[in-house]
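Per the working numbering, the very first residue in the sequence shown carries number 1; after that it's consecutive.
All C-beta atoms, glycine included, are put in the ideal place defined by N, C-alpha and C.
All values derive from a computational prediction rather than experimental measurement.
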Amino acid sequence: MSDPDKPRSHGRLAISASIKPRELMTATPRIKGAWCAKIVTLFPDAFPGTLGLSLTGKALQEGLWALETIDFRPFGIGKHRNVDDNPAGGGAGMVLRADVVAAALDEAAIGTPKDRARWPVIYLSPRGKPFDQATARRLSAADGITLLCGRFEGVDQRVLDHYVVEEVSLGDFVLTGGEIAAQAMIDATVRLLPGVLGNAASTEEESHSHGLLEHPQYTRPAVWEGREIPPVLMSGHHGEIAKWRRAEAEKLTRERRPDLWNTYAKHNSGR
Ligand code: SAH
């Protein structure tokens, strides 16, 4: 097995995990009861990744939320710490073993409530329920979450059944692993936690918060490449601005997302 501390050489590319962002996960204060994401993964070095940047990174550093990774590898079988095996029934690829995944999930469960409403346990999976803003809101209202990142052909079904694991998908496409999906879901969730975004109002006005896509945004310069900012936005008339924004949001949603528009129109028919 390769030395995990040694940068691996892939041809001309030397890949080494940067020390700094990972230190964020251990060397920062944690506010008692702060929302926590536990990630079960074969690639803990992928975290915090982009979550260590900007507003989510600052909030992580301040202990407004916490991140823990649980590596599958130490729970692997035998000298080589094997975590996967051939699919039963044949076919391409490898499957993560139930016993190995279970041991890692047990480790992740330490100190977390058993109630899945308070602490959802989620397998990132293209077969899952598509992730959306309502799911992000539900996860942000929990005490924390455990995210199981698959690799190869995925994980043995029995462990998903046994641990009552919810499957959630990032979208109708296939990734090579759950790590990017986990980061996307954590990002969407963490920005809803109190104090993470400077301006709390911005999560109330943005796309998907009321079932509509957001209106277009503009800033200086007032004229760019001969294109003006819509005059109503420069009028200082708050009522007119709000009306314009609502109309633009409705128009965009109708044009781009008939699915969202139908739901919105149904709920707002009595307006
Ligand atoms: N054989 C599986 C795909 C495995 S892809 C199938 O056909 O359903 C390998 C891993 O990447 C999965 O175990 C899952 O954790 C992750 N993954 C792939 N696509 C994903 C998606 N759309 N959303 C969330 N996770 C995904």
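- For the pair Gly-52 and Ile-31, the CB atoms are not nearer than the 8 Å cut-off.
- Less than 8 Å separates the beta-carbon of Leu-105 from that of Tyr-163.
- For Phe-43, the shortest C-beta to heavy atom distance toward ligand 1 is 7 Å or greater.
- Secondary structure of Ile-110 (DSSP, three-state): coil.
- Where Gly-57 is concerned, the enclosing alpha helix (DSSP H) starts and stops at 54-61.
- Beta-bridge analysis with DSSP links Gly-144 to Cys-36.
- Of the heavy atoms belonging to ligand 1, none sits nearer than 7 Å to the Cβ of Pro-120.
- Assigned with DSSP and collapsed to three states, Lys-129 falls in strand.
- At the C-beta level, Cys-36 and Gly-178 stay beyond 8 Å of one another.
- Here Gln-157 is exposed: its Cβ has fewer than 16 other Cβ atoms, across all protein chains shown, within 10 Å.
- In the three-state DSSP reduction, Ile-241 falls in the helix class (H, G or I).
- With the rule of 3 Cβ pairs closer than 8 Å, the stretch 186-194 counts as touching the stretch 56-75.
- Taking each of Phe-47, Glu-228, Glu-204, Tyr-123 in turn and checking the Cα distance to Leu-96, the smallest one comes out for Tyr-123.
- Distance from the CA of Glu-255 to the CA of Ala-92, rounded to the nearest whole angstrom, comes to 42 Å.
- In chain order, Trp-35, Ala-117, Arg-118, Trp-119, Pro-120 place their CB closer than 8 Å to the CB of Ala-142, counting only its own chain and leaving out the 5 sequence neighbours on each side.
- The alpha-carbon of Asn-86 is positioned some 22 Å away from that of Glu-167.
- Placement of the Cβ of Phe-173 at a distance of less than 7 Å from at least one heavy atom of ligand 1 is found.
- Taken from the Cβ of Ala-104, every heavy atom of ligand 1 lies 7 Å or farther away.
- Taking 8 Å as the cut-off, the Cβ atoms of Thr-146 and Thr-112 count as close.
- When the five nearest sequence neighbours on each side are left out, the beta carbons in the same chain lying within less than 7 Å of the beta carbon of Glu-240 are those of Val-232, in order along the chain.
- Taking 4 residues as the minimum length, the alpha helix (DSSP H) runs contained wholly in the stretch 201-252 are 202-205, in order along the chain.
- Taking the CA atoms as reference points, Ala-102 sits about 17 Å from Glu-153.
- Counted as a single uninterrupted DSSP element, the alpha helix (DSSP H) harbouring Ile-186 occupies residues 179-190.
- In this model, Val-155 and Ala-98 are separated by some 7 Å (Cα to Cα).
- In the DSSP assignment, Leu-260 falls within the unbroken alpha helix (DSSP H) covering 258-267.
- Secondary structure of Glu-255 (DSSP, three-state): helix.
- Following the DSSP letters along the chain, one finds Leu-193 in no alpha helix (DSSP H), marked with neither H nor E.
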